[in-house]
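Below is one structure, written out as structure tokens; comments come after it.
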Amino acid sequence: VVPRNGASSAIGCAEYSLTIENASAPFNTDFTNYPAGFSESTGPFGIPSATVTISNWGTADFLNDATLVKGAKVNIWGTGKDEYLISPAFNLSGSSYYLNFDIALTIWNTTASATLGTDDYVALLVTEDGTTWSELTRWDSGSTISNTGESIAEITLAGYGADVKFAFYGFSDTSN
């Protein structure tokens, strides 16, 4: 980063600022360059840690199938799993936008089908201030998620502001 003062370098300047623009919509990633603008964290539901920047999220072939594009995945089997994958910030003001993604559930590192245990769930959260998170949707033991992948029902995003982030949150508190 080179500080600028108008058209010239601000050499020896004691004050610096950095402006980061929000990701533009439409936004698309296949996680080939993971984390592809996303960040990771851990923490209880709705409270990702401001200081933790790693989690059990990672990247792999979608559905563990090398013929498919990359995807983000998380292993929530075990105890004490509170895992966040957080999107870049988006400016969603002034219009309606639509959120689309594919989801699948497999046994870890295989293509075999799986079910979520009674203590397991994955939720999609949204925030406009980075502090208060609201749940948009959840998958739990009552959900049927294909091991061959499926598109989720499109989510309409209207009435949001200029600094919106989404997070996938994976949880498990019992090893089963």
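Under the numbering used here, the first residue of the sequence shown is numbered 4, with each subsequent residue one higher.
We put the beta carbon where it would ideally sit given N, CA and C, even for glycine.
Beta-carbon to beta-carbon, F169 and V125 are separated by about 13 Å, too far to satisfy the 8 Å threshold. Non-local beta-carbon contacts of S44 in its own chain, meaning distances under 7 Å to residues more than five positions away in sequence, involve P51, S52, V55, T56, S58, Y87 and I89 in chain order. With respect to the 8 Å criterion, V77 and W60 are classified as neighbours on the basis of their beta carbons.
Checking the DSSP bridge columns, you'll see I106 partnered with E153.
By the neighbour-count definition (other C-beta atoms within 10 Å, threshold 16), Y101 is an exposed residue. Looking at N67, G83, T62 and A39, the one whose alpha-carbon comes closest to that of S178 is G83. Looking at the DSSP output, T130 shares a beta bridge with W136 and K168. In the displayed model, F93 falls within a strand according to three-state DSSP. DSSP, read as helix, strand or coil, puts F65 in helix. For R141, the closest C-alpha among the options N67, F171 and F93 is that of F171.
Boundaries of the beta strand (DSSP E) harbouring T45: S42 to T45, taken from the DSSP string.
The C-alpha of L95 is placed about 32 Å away from the C-alpha of S175. When A92, S137 and N150 are compared, the shortest CA-CA separation from V167 is found for A92. In terms of Cβ geometry, L108 and N150 form a close pair [threshold 8 Å].
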